[in-house]
């Protein structure tokens, strides 16, 4: 079983598709630029009225911004400008394997790339390390082959189908977490005008409402980007740890270890608690619970802060949910994800229509206010009950998502 997992669960370095880091960094750059452009535009439109000529220029800039993504699909080599140094690289060091010399020092083994040059990156922008290669022993002159390296992010997953897994408590824990997070999102997104007007003591304000809507959308985008970069960062750190293990195993088997060399932990990388982005799943309901409480008590002039941060929370959760479904389940992945998505349907009915809708209507009768000729609700009391309930639901989601993280960690250690 161990040999099978080693052979089939790890495949990164031999897979050029996963190593095209310049293309990935270019896509992330386009995404960040687009996010900054459209977010700034949405917020500025809240406070300023643009002339027609200015709007035409903005439209052209927006189209150009979107067309930058098209280059991702072109079979072109991206410039070395996109070799961002803030992410840990996965290329092999120049002295990947050492031999014991007469003085006990390492003698480097020169790498001879097959199908690529000896630079730290291949000519097409991919990290060239651990593509099929040979090592030449400087001292003896004989060629030796290192073991094929592996992808520690392709974690052994559950091989059971949906109808078997639906009997497991942890799958319902994910559903409950999704119910709380999706329900809170439905309430905020669909009722921002009512929420802001109530907190603003019944006075309607299109500027404030638009600003809250824009910040929530921006926050959601930021949350997804954070998870995306976080997963890439963990992926590369795990790759470096795995490479270090393979280096140590090879040198140990061939008697190349130094006498005072530090022992490397050879435990499978995916046994590490922080080897997967899933461990950060409980962070989203923690943030959301705090923001729901703040929304129920803060004044209108600072309402945009908890609304925007709650957008970040749901962005983080939804991104992790997709990655968790892909990682945990090997069979019926779509069925599992659709099952979790069904929580949003239930939440839309129970939390948005029943909880918030009926509570708000009742509070409007008890605390009426008139704005622009229409009857609105006056004061934070109009939304307080609903958001305190949502705070409790997200507190429950903290417990259920924490259970999922712990359960999956314990299960990974059995592989």
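In my numbering, the protein residues as written are 9 to 423.
Ideal placement from N, C-alpha and C gives every residue a C-beta, glycine not left out.
For residue j and residue i, the rounded distance between their alpha carbons
{"i": "residue 376", "j": "residue 199", "result": "17 Å"}
{"i": "residue 59", "j": "residue 170", "result": "55 Å"}
{"i": "residue 284", "j": "residue 242", "result": "7 Å"}
{"i": "residue 305", "j": "residue 203", "result": "12 Å"}
{"i": "residue 70", "j": "residue 51", "result": "15 Å"}
{"i": "residue 367", "j": "residue 401", "result": "17 Å"}
{"i": "residue 49", "j": "residue 357", "result": "33 Å"}
{"i": "residue 327", "j": "residue 267", "result": "46 Å"}
{"i": "residue 227", "j": "residue 398", "result": "19 Å"}
{"i": "residue 422", "j": "residue 395", "result": "41 Å"}
{"i": "residue 331", "j": "residue 262", "result": "39 Å"}
{"i": "residue 393", "j": "residue 216", "result": "22 Å"}
{"i": "residue 62", "j": "residue 222", "result": "20 Å"}
{"i": "residue 273", "j": "residue 247", "result": "14 Å"}
{"i": "residue 57", "j": "residue 369", "result": "34 Å"}
{"i": "residue 74", "j": "residue 67", "result": "11 Å"}
{"i": "residue 177", "j": "residue 260", "result": "43 Å"}
{"i": "residue 175", "j": "residue 34", "result": "43 Å"}
Cβ-based neighbour list, residue i, same chain, cut-off 7 Å, excluding 5 preceding and 5 following
{"i": "residue 389", "result": "371, 375"}
{"i": "residue 335", "result": "163, 165, 284, 286"}
{"i": "residue 340", "result": "169, 170"}
{"i": "residue 187", "result": "351, 354, 355"}
Residue environment, residue i, which counts as buried when at least 16 other CB atoms sit within 10 Å
{"i": "residue 179", "result": "buried"}
{"i": "residue 353", "result": "exposed"}
{"i": "residue 293", "result": "buried"}
{"i": "residue 309", "result": "exposed"}
{"i": "residue 256", "result": "buried"}
{"i": "residue 220", "result": "buried"}
{"i": "residue 281", "result": "exposed"}
{"i": "residue 146", "result": "Here residue 146 scores only 34 on pLDDT, less than 50, and its place in the model should not be relied on; the value that follows carries that caveat. It counts as exposed."}
{"i": "residue 191", "result": "buried"}
{"i": "residue 80", "result": "exposed"}
{"i": "residue 276", "result": "buried"}
{"i": "residue 253", "result": "buried"}
{"i": "residue 31", "result": "buried"}
{"i": "residue 83", "result": "exposed"}
{"i": "residue 406", "result": "buried"}
{"i": "residue 239", "result": "buried"}
{"i": "residue 318", "result": "buried"}
{"i": "residue 337", "result": "buried"}
{"i": "residue 207", "result": "buried"}
Residue i (DSSP reduced to helix, strand or coil)
{"i": "residue 377", "result": "strand"}
{"i": "residue 248", "result": "helix"}
{"i": "residue 337", "result": "strand"}
{"i": "residue 384", "result": "strand"}
{"i": "residue 63", "result": "helix"}
{"i": "residue 413", "result": "helix"}
{"i": "residue 166", "result": "strand"}
{"i": "residue 318", "result": "helix"}
{"i": "residue 269", "result": "coil"}
{"i": "residue 175", "result": "coil"}
{"i": "residue 367", "result": "helix"}
{"i": "residue 87", "result": "coil"}
{"i": "residue 408", "result": "helix"}
{"i": "residue 360", "result": "helix"}
{"i": "residue 198", "result": "helix"}
{"i": "residue 211", "result": "coil"}
{"i": "residue 6", "result": "Any property of residue 6 remains undetermined from this structure, which presents the chain solely from 9 to 423."}
{"i": "residue 274", "result": "coil"}
{"i": "residue 82", "result": "coil"}
Residues of its chain near residue i, where Cβ-Cβ distance is below 8 Å and the 5 sequence neighbours each way are ignored
{"i": "residue 324", "result": "231, 232, 234, 235, 288, 291, 292, 295"}
{"i": "residue 320", "result": "227, 228, 230, 231, 234, 295"}
{"i": "residue 209", "result": "308, 377, 386, 387"}
{"i": "residue 37", "result": "90"}
{"i": "residue 383", "result": "372, 376, 377"}
{"i": "residue 182", "result": "329, 332, 348, 408, 409, 412"}
The ligand SAM heavy atom lying under 8 Å from the CB of residue i
{"i": "residue 35", "result": "Among the components of this structure there are no ligands whatsoever, and the ligand SAM is therefore not found."}
Other residues of its chain near residue i: CB distance less than 6 Å, five sequence neighbours each side excluded
{"i": "residue 173", "result": "179"}
{"i": "residue 249", "result": "277"}
{"i": "residue 299", "result": "314, 317, 318"}
| query | Mind pulling the alpha helix (DSSP H) runs of 4 or more residues that sit fully within the segment 277-324? | reply | 291-303
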